[in-house]
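A quick write-up on the structure given underneath.
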Amino acid sequence: MSKKLNIGLFGFGVVGQGLYDIIKTKNLNLEIVKIAIKNPEKKRSLPAEIFTTDKEEILNNPELNTIVELINDTEAAFEIVSRALSTGKNVVSASKKMIATYLNELIELQHIHGTSLLYEGAVCGSIPIIRNLEEYYDNELLHSISGIFNGSSNYVLSKGYLENLDYDTALKQAQDLGFAETDPTSDVGGFDAKYKLIIAASHAYGVIVKPEEVLNIGIQNLTASDLQYAREKKLKIKLVPVAKELDDRHVTMFVLPKFVNETEFLYNVEYEYNGVTVQAAFADQQFFFGKGAGGHPTGSAVLSDIAALRYNYQYEYKKAKGKKDLNFTNNVELNVYLRYEDEALVEVLNFKHIHERYHSDSYKFVIGKINLQNLIDNQLLIADNKAFIAFADQLTGVSLAPAVKLTAEVVE
Ligand SMILES: NC(=O)C1=CN([C@@H]2O[C@H](COP(=O)(O)OP(=O)(O)OC[C@H]3O[C@@H](n4cnc5c(N)ncnc54)[C@H](OP(=O)(O)O)[C@@H]3O)[C@@H](O)[C@H]2O)C=CC1
Ligand SMILES: N[C@@H](CC=O)C(=O)O
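Structure below.
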């Protein structure tokens, strides 16, 4: 018989309500006893007695053995989760920014106090990627993990490419549908995808990096010219996080828009759907697909974690604990498309090699090989110039998948 879970829930927004809807349809050995929210004035769909604005009412209640944290405040979430883990309560969280920012501390707290923190809902919504990386691929050598990890930006891209809807209207729709973060810059700027990438890579490679070490360039500067160029080449533009083992000592990670062709799984991942491509040494290429945002899809992943806690499930972080010489590096070269206005930007970026150059009054681009560290160093300049950068393996004929040819090379 599984143990009964008495749950204190933090947050009753898109995901919290989605979780509640799902739980009430089931007869599980668990109960949401109290829900902490921020704004006492907001109209709620449940009786007032279940809500509190005092976190201590939940954290200090010895009857509650499980905390589910679904709030939109990173620092408050870290305080709640660390307090819970330190006082013998197991936790489920979907707060990817908080988890990616404080992963080392959270692993340490679980280790010291023997408690468990699960976060499947934090990475790609309904797709069960974390438990697969943790369990199924435990003994596999993973060459790369990449995909579409953000529903809102993919929604905006699909609306633009398939329906010619303008960027601002599409983003407003993603917000109204509950897909976007409180600050949607996190979605369209590639930050949210980066947090998810960092979490996934910690389970895939055992390498834990801080968000500020990893490049994220988003889709904010995408223009009709870039979309037109993609269409002419029969390509689509997607926002793609990549974690790739370069050799047995180096792993690289970055988030960039990417040209994808119709032979790639990601080509047909549209709207709020996400996809994860795993390239493994022996299993070869595998693809996970599902809704990446929204209350019910994310709530289903959160519920799966809650159910796993009934059997005392814990992540073991085996790859992180057994890690030997694998290190994170930004010292790689990759092929990018740069659409720009000011020639000075091309000079500053110091391309190693330029494959192609186009120049008209209204549209200029280069495609060439560049060092990832150079992109990081000039991120602000790129943004200020309103330039658009995309990972261009499909334009240069080299791909991340070993089935074709490698793009990313360690620079010795
Ligand atoms: N939306 C999605 O599709 C997904 C979201 N996530 C993540 O899940 C988390 C929740 O997202 P989402 O439901 O969309 O966010 P919402 O903005 O819809 O809801 C946030 C909830 O958190 C509450 N809250 C904020 N601060 C506090 C606090 N200090 N104490 C108690 N409650 C607090 C708010 O209270 P009040 O109601 O009073 O305002 C609200 O109920 C975020 O970390 C997000 O990144 C993860 C996967 C998918
Ligand atoms: N804002 C996120 C929500 C889920 O993680 C997204 O759009 O993917």
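Okay, so the sequence shown: first residue is 1 according to UniProt numbering, each after it adds one.
The beta-carbon is built from N, C-alpha and C at its ideal position, and this holds for glycine as well.
This one's a predicted model, so the numbers in the text were calculated from it and none came from an experiment.
Taking 8 Å as the threshold (C-beta atoms), are residue j and residue i in contact?
i	j	result
residue 90	residue 116	yes
residue 235	residue 255	no
residue 305	residue 81	no
residue 251	residue 145	no
residue 70	residue 123	no
residue 171	residue 241	no
residue 293	residue 147	no
residue 31	residue 6	yes
residue 190	residue 319	no
residue 193	residue 133	no
residue 259	residue 287	no
residue 209	residue 328	yes
residue 237	residue 157	yes
residue 121	residue 301	yes
residue 368	residue 18	no
residue 290	residue 274	yes
residue 175	residue 184	yes
residue 8	residue 61	yes
residue 85	residue 109	yes
residue 276	residue 130	no
List the endpoints of the continuous alpha helix (DSSP H) containing residue i.
i	result
residue 284	From DSSP, residue 284 is part of no alpha helix (DSSP H) but of the beta strand (DSSP E) over 284 to 291.
residue 388	Not the alpha helix (DSSP H): residue 388 falls in the beta strand (DSSP E), residues 388 to 391.
residue 85	74 to 86
residue 135	Premise fails: residue 135 is in no alpha helix (DSSP H) and is neither H nor E.
residue 104	103 to 113
residue 37	It is not in any alpha helix (DSSP H) - residue 37 carries neither H nor E in the DSSP assignment.
residue 322	318 to 322
residue 208	Note, residue 208: premise wrong, no alpha helix (DSSP H); not H, not E.
residue 59	56 to 59
residue 127	Premise fails: residue 127 is in no alpha helix (DSSP H) and is neither H nor E.
residue 145	Looking at the DSSP string, residue 145 is not in any alpha helix (DSSP H); the run it does join, the beta strand (DSSP E), is 142 to 148.
residue 95	Segment: none, residue 95 is in no alpha helix (DSSP H) and carries neither H nor E.
Run the proximity test for residue i: is its beta-carbon closer than 7 Å to any non-hydrogen atom belonging to ligand 2?
i	result
residue 181	yes
residue 216	no
residue 152	yes
residue 305	no
residue 290	no
residue 293	yes
residue 176	no
residue 187	yes
residue 54	no
residue 192	yes
Can you tell me which residues form a DSSP beta bridge with residue i?
i	result
residue 353	369
residue 241	255
residue 6	31
residue 121	None; residue 121 has no bridge partner.
residue 327	250
residue 265	DSSP output for residue 265 lists no bridge partner at all.
residue 235	261
residue 167	Answer by DSSP bridge pairing: none, since residue 167 is not bridged.
residue 313	According to DSSP, which records beta bridges pairwise, residue 313 is partnered with nothing at all.
residue 91	67, 117
With residue i as the anchor, note down where its beta strand (DSSP E) starts and where it stops.
i	result
residue 16	No beta strand (DSSP E) holds residue 16; the alpha helix (DSSP H) holding it covers 14 to 24.
residue 278	273 to 280
residue 151	Element bounds for residue 151: not the beta strand (DSSP E) but the alpha helix (DSSP H), 151 to 163.
residue 217	Note, residue 217: premise wrong, no beta strand (DSSP E); not H, not E.
residue 339	332 to 340
residue 304	Looking at the DSSP string, residue 304 is not in any beta strand (DSSP E); the run it does join, the alpha helix (DSSP H), is 295 to 309.
residue 66	66 to 69
Is residue i near ligand 1 - that is, is its Cβ less than 7 Å away from at least one heavy atom of it?
i	result
residue 73	yes
residue 81	no
residue 374	no
residue 259	no
residue 298	yes
residue 70	yes
residue 125	yes
residue 15	yes
residue 368	no
residue 50	no
residue 76	yes
residue 37	yes
residue 11	yes
residue 122	yes
residue 95	yes
residue 172	no
residue 42	yes
Examine chain B for any beta-carbon lying closer than 8 Å to the beta-carbon of residue i, and answer yes or no.
i	result
residue 152	Reference to chain B is not applicable here, since this structure consists of a single protein chain.
Open item on the list: Does the structure place the segment 373 to 393 close enough to the segment 337 to 355 that three or more beta carbon pairs sit under 8 Å?
Closed with: Yes, they touch.
- [ ] Assess, as a yes-or-no matter, whether the segment 386 to 393 is touched by the segment 333 to 344 under the definition of 3 or more beta carbon pairs within less than 8 Å.
- [x] Cβ pair count under 8 Å is three or more, so yes.
- [ ] Could you tell me whether the segment 91 to 107 touches the segment 34 to 54, where touching means 3 or more Cβ pairs closer than 8 Å?
- [x] By the Cβ test, the segment 91 to 107 is not in contact with the segment 34 to 54, since fewer than three Cβ pairs between them sit closer than 8 Å.
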